[in-house]
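Here the structure is laid out as C-alpha cells; the discussion comes afterwards.
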Amino acid sequence: MSQSRGNRTPFDEIYDQPDPRAYFRSLGRYGYRTPHHAQPVFRRLLAERARSGRVTVLDLCCSYGINAALLNHDLTFDDLHAHYTSPDVAELGTAELIERDKDFYAARRCADAVPVVGLDIAAPAIDYAVAAGLLDAGFTENLETASASPAFLRAVAPANLITVTGGVSFLSARTFHQLLHAAADPVWVAAFVLRTGTYRPIADALAEHGLVTEVDADRTFVQRRFTDPDEQHYAIAAVEATGADPAGKEAGGSYHAALHLSRPPQHLTTPYGRIIAPGA
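Anchor point for the sequence shown: position 5 equals 18 in the numbering used here, and the numbering is continuous, going up by one each time.
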C-alpha cells in the first residue's frame, strides 16, 4: 500500500505495476530494508508459534508478497533485489516473468514453508503474488472502509500470526477488530512501525482482544533513507511530536521503525528480547 502521509514521499505508482521490478528499482535507490530486518524476526516467531501446532500467516499491506518470499524461501532481500533488477529480467513481459518466477521460487522453497494469506488494496501487486505462488490466497479488500467479505474471513480464520512491515500508517483499530474477531486461534501480531507515528490506538484495540503489546523503543531498524531534506524535516518534527528523540536516527538521514509484538499473556514465556535479538 502507498499513499501520501504528511510530507512523506509517496511511492504509489510502484504498487500499481504488474510485477515487482519498479518496486525494487525505486525503493532500492533509498536503501529500503524493512523486509530484510523482518525476515529473521518473523522466522523466529514462526518457530515459536509452531510449538503449538500449524502456523498460518496473514501479511497486511503485503504488496508483491515480499515477506512471503522471505519467510518461505531460501532467499535474502538482497537476493530478491538482485533478481528483479537483473538485466536478465529487464526485457521480459510480466507473463514471462511470472513463469520464470514460479520456477525461481519453487527451486528455493523451504521444506517447512507455511501458508501465507496476503491483504493489500493494490490489485496488481496481489495478482502477481498469487500468480507467482508466493501467496496461498490474496485479497484486495479495504477493511478501513468496509466489512470483510465471507471469503476473506474464511481464508484468515486459521491465521495465528499477523505481520506488517510497511502499512501501519494506513491502518486503524477497525481493521484489527475485524481480523481478531475472525480468528479461530490465539493470534500474535508483529508490526514494524515507523517512529513518525503512534501505534497506541492499534495496541489498545488489540488489548480489547486480550493481547499484550511489547516494544523496545530504543532498538530500531532503518527503513530507508530520506528522499530529500523536506522529508527529513517532516520526519524529525513528527518523531519529536511523539516525545521521542531523533538524534542518531532520523537526524542521521533515515526513517527508523520499531517492532511492536502483541501476544496473549499466556504466550509471553519467550521474552520479547529473545525474539528481536537472540542471545539478549
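No residue lacks a Cβ here, since even glycine has one placed at the ideal position from N, Cα and C. None of the values given here were measured: they were computed from a predicted structure.
In this structure, the beta-carbon distance from Val68 to Asn173 falls below 8 Å. Counting the other Cβ atoms within 10 Å of the Cβ of Cys123 gives fewer than 16, which makes it exposed.
Short of 7 Å from the beta carbon of Asp87, and not among the five residues preceding or following it, lie these beta carbons of its own chain, in chain order: Arg121, Cys123. Annotation: the continuous beta strand (DSSP E) that includes Glu227 extends over 225-228.
The Cβ neighbour count for Ala251, taken over all protein chains shown within 10 Å, is at least 16; the residue is labelled buried. In this structure, the alpha-carbon of Ala186 lies about 21 Å from that of Gly151. Annotation for Gly151: the continuous beta strand (DSSP E) segment containing it runs 150-152. A Cβ-Cβ contact shorter than 8 Å links Lys115 with Ala145. Under the three-state reduction of DSSP output, Phe90 falls in the helix class. About 6 Å separates the beta carbon of Leu272 from that of Val54, a gap short enough to meet the 8 Å contact definition. Counting the other CB atoms within 10 Å of its CB gives Arg62 a total of 16 or more, which places it among the buried residues. Unbroken alpha helix (DSSP H) stretches of 4 residues or longer found wholly inside the segment 44-124: 47-63, 79-85, 90-97, 100-103, 107-119, given in chain order.
Leu148 is not a Cβ neighbour of Ala51, given a cutoff of 8 Å. Across the structure, Leu58 and Ser99 are spaced so that their CA atoms are roughly 32 Å apart. In chain order, Ala195 place their CB closer than 7 Å to the CB of Leu166, counting only its own chain and leaving out the 5 sequence neighbours on each side. Non-local beta-carbon contacts of Tyr77 in its own chain, meaning distances under 7 Å to residues more than five positions away in sequence, involve Pro33, Tyr36, Ala138, Tyr141, Ala142 in chain order.
Segment contact: the segment 39-48 against the segment 101-119, fewer than three CB-CB distances shorter than 8 Å; contact not assigned. The criterion of a C-beta distance shorter than 8 Å is not satisfied by Gly180 and Leu83. By the CB criterion at 8 Å, Leu184 and Ala270 fall outside the cutoff.
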